[in-house]
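The next block holds one structure in the form of structure tokens; read it before the comments.
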Amino acid sequence: MKGLLVVNSFLQNKKFGDLYAYFSSAAKRMGISLDVRSSDQLFRPVGGGRRCRYGFVLFWDKDLFLARRFENEGVPVFNSSRAIALCDDKALTAEALACAGIRMPKTLIAPKTYGNIGYCDFAFLDRAELFLHYPMIIKHRFGSFGAQVYLAHNRREAEEICASCGGSEVLLEEFISNSCGRDLRVNVVGEEICGVMLRENKNDFRSNITLGGTMTPFDPPRAYRQIALRAARAVGADFAGVDVLFGKNGPVVCEVNASPHFKTTLQCTGVDLSEKILGYIAAKVQGK
20 MKGLLVVNSF LQNKKFGDLY AYFSSAAKRM GISLDVRSSD QLFRPVGGGR
70 RCRYGFVLFW DKDLFLARRF ENEGVPVFNS SRAIALCDDK ALTAEALACA
120 GIRMPKTLIA PKTYGNIGYC DFAFLDRAEL FLHYPMIIKH RFGSFGAQVY
170 LAHNRREAEE ICASCGGSEV LLEEFISNSC GRDLRVNVVG EEICGVMLRE
220 NKNDFRSNIT LGGTMTPFDP PRAYRQIALR AARAVGADFA GVDVLFGKNG
270 PVVCEVNASP HFKTTLQCTG VDLSEKILGY IAAKVQGK
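Each residue of the sequence shown is one higher than the one before, starting from 20 at the first, in the working numbering.
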């Protein structure tokens, strides 16, 4: 079996390089020939170029146009361009979760603005305050590792945050105070839960490890496992890292990541997601 691992051309640092190395090592152990190519090595004129000669594509990037090109050539792509799009755009994630009836923070998608205008009128915050109250979460629609996520305690802070976002469109979310500084990262591959971490940060409302959070293995109750599986299905992801909050009345899904950074999962739980993901792909491609 021969596959292609597509990686971003510009995320060439050790943090991401380690992930690519895990996949290469796992593929070798599993007898899978896996070529690693960056997106700049693969881009070509629209409608032209060679057809893909691989049995599958493991797409570890967010280049939707490139992913769709492989799909249009009939090659199985994991995750699909649709799943990547739904996870990458937090507004689309919220819509997908809501349509599937999955519990999530109450969410408002801010009115659209433009790069040369930004948020120059804050009247929309009047409605947000009535629906969400303070404190409220304000986050960019696109972002990773907890960056571009803010907590506004009052109207002044909310206006300052929105103004600082420039033309980046934002979401406004209910703050789940019961889960302040802690959540679960639940890794899903197919219909299997593959490694769960409890992430905690005593100095920040965000639990992300990159922001100073700590991690411990965790065996979640059934409700937390089930909601993570449902969230992955809702966005059509073959594999995902689902962030689940501790709501007062049970689990609440915060985000779904289509290309989860799993080095910390391996360090914390001993679960190598590269093997799990490649094993799942191999079985799907071979029709098992």
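Just so it is clear, CB atoms sit at the ideal spot from N, CA and C, and this is done for glycine as well.
In terms of Cβ geometry, Phe97 and Leu77 form a close pair [threshold 8 Å]. For Trp79 and Ser183, the gap between their C-alpha atoms comes out near 30 Å.
Distance between Ala259 and Cys139, taken at the CA atoms: about 36 Å. Here the C-alpha atom of Glu188 lies approximately 21 Å from the C-alpha atom of Val254.
With contacts defined by Cβ atoms closer than 8 Å, Ile121 and Ile246 form a contacting pair. Ser226 sits in coil when the DSSP states are folded into three classes, being neither helix nor strand. Two segments are said to touch when three or more pairs of C-beta atoms, one from each, lie closer than 8 Å; by this definition the region 171-179 does not touch the region 220-240. Sequence-distant partners of Lys125 (beyond 5 residues in either direction) whose C-beta falls short of 8 Å from its own C-beta, in its chain, are Phe150, Leu151, Glu192 and Glu193.
Looking at the DSSP output, Pro270 shares a beta bridge with Phe265. Apart from the 5 residues on each side of it in sequence, Met49 sits with its Cβ closer than 8 Å to the Cβ of Glu294, Leu297, Gly298 and Ala301 in its chain, given in chain order. Counting the other CB atoms within 10 Å of its CB gives Asn268 a total below 16, which places it among the exposed residues.
The beta carbon of Lys131 is closer than 8 Å to those of Glu188 in its chain, skipping five residues each way along the sequence.
In this structure, Val261 sits near Val205, with a CB-CB distance shorter than 8 Å.
In the displayed model, Cys106 falls within a helix according to three-state DSSP. Less than 8 Å separates the beta-carbon of Thr288 from that of Gly214. In the DSSP assignment, Ser293 falls outside any beta strand (DSSP E) and within the unbroken alpha helix (DSSP H) covering Leu292 to Val304. Partner residues in the beta bridge of Ser52, as assigned by DSSP, are Lys21. Shown here for His159: same chain residues with a beta carbon closer than 7 Å to its own, the five before and five after excluded, namely Gln167, Cys184, Ser187 and Val189 in chain order. For Cys199, no beta strand (DSSP E) encloses it, and the DSSP letter there is neither H nor E. Using a Cβ distance threshold of 8 Å, Val208 and Leu105 do not count as a contacting pair. For Lys34, the closest C-alpha among the options Thr283, Glu210, Asp82 and Phe161 is that of Thr283. Under a 10 Å Cβ-count criterion, His280 is classified as buried, with 16 or more other Cβ atoms of the shown protein chains found around its own Cβ. The criterion of a C-beta distance shorter than 8 Å is satisfied by Leu217 and Leu203. One Cα belongs to Asn32, the other to Tyr39, and the distance between them is close to 11 Å. Under the criterion of beta carbons closer than 8 Å, Gly22 and Leu53 qualify as touching, at roughly 5 Å.
Taking each of Val263, Gly66, Asp223 and Phe161 in turn and checking the Cα distance to Pro239, the smallest one comes out for Val263. Here Gly66 is exposed. Its C-beta has fewer than 16 other C-beta atoms within 10 Å. Per the coordinates, the alpha-carbon of Arg201 lies some 23 Å from the alpha-carbon of Ile180.
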